Amino acid sequence: MTADPLSRVFSALADPTRRDMVARLAVGDATVNELAEPYDVSVQAVSKHLKVLKDAGLVSRSREAQRRPVHLEAEVFDLMTKWIERYRRQAEERYLRLDDVLRSMPDEVQATPPQPPPHQTEHPTSTTNIR
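Per the numbering used here, the very first residue in the sequence shown carries number 576; after that it's consecutive.
In structure tokens form, the structure reads like this:
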């Protein structure tokens, strides 16, 4: 069963190395070798990470003569932004309603003094220690 596009994107970004690659690609296109430079992993490992990002629609590859740069597909972030924004708005509305309720409450709440416990009748046997 194929995951929906949003799930694929979030799954791809769950890995810190892939998030770092996306951050670097946001600055500009890069080749696989350029992306592999800061990591202590093989170029093949970086290629596997890029495949996950490509399958999620986050990156694409093009050809410029002998160079095959990786390009960030920023439109995918619109999908994520819409999803996040929907829930951010719902949470914001809940907090605004809570603010309204708190504003409607009186500033000083009258504290009711604690009530003494009900009077209990003592029996003469209740004062003896039973072991």
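By construction, the Cβ of each residue, glycine as well, lies at the ideal position given by its N, Cα and C atoms.
This structure is a prediction, so every number in the text was calculated from the model and none was measured.
query                                                                                                                                                  : result
Please state whether DSSP places V616 in a helix, a strand or coil.                                                                                    : coil
At what residue ranges does the region 591-662 contain a whole run of the alpha helix (DSSP H), taking only runs of 4 or more?                         : 591-602, 607-611, 618-630
Less than 7 Å between C-beta atoms, sequence neighbours within five positions excluded: which residues of the same chain meet that for D595?           : none
Using a Cβ distance threshold of 8 Å, determine whether the region 581-589 contacts the region 624-643, with at least three qualifying pairs required. : yes
Who are the near neighbours of R583 in its chain, counting only those whose CB is closer than 6 Å to its CB and skipping five residues on each side?   : A631
With H646 and S637 assumed to form a contact (beta carbons below 8 Å), what rounded beta-carbon distance in angstroms separates them?                  : 6 Å
With contact counted as at least three CB pairs below 8 Å, one residue from each stretch, are the region 643-657 and the region 596-603 in contact?    : yes
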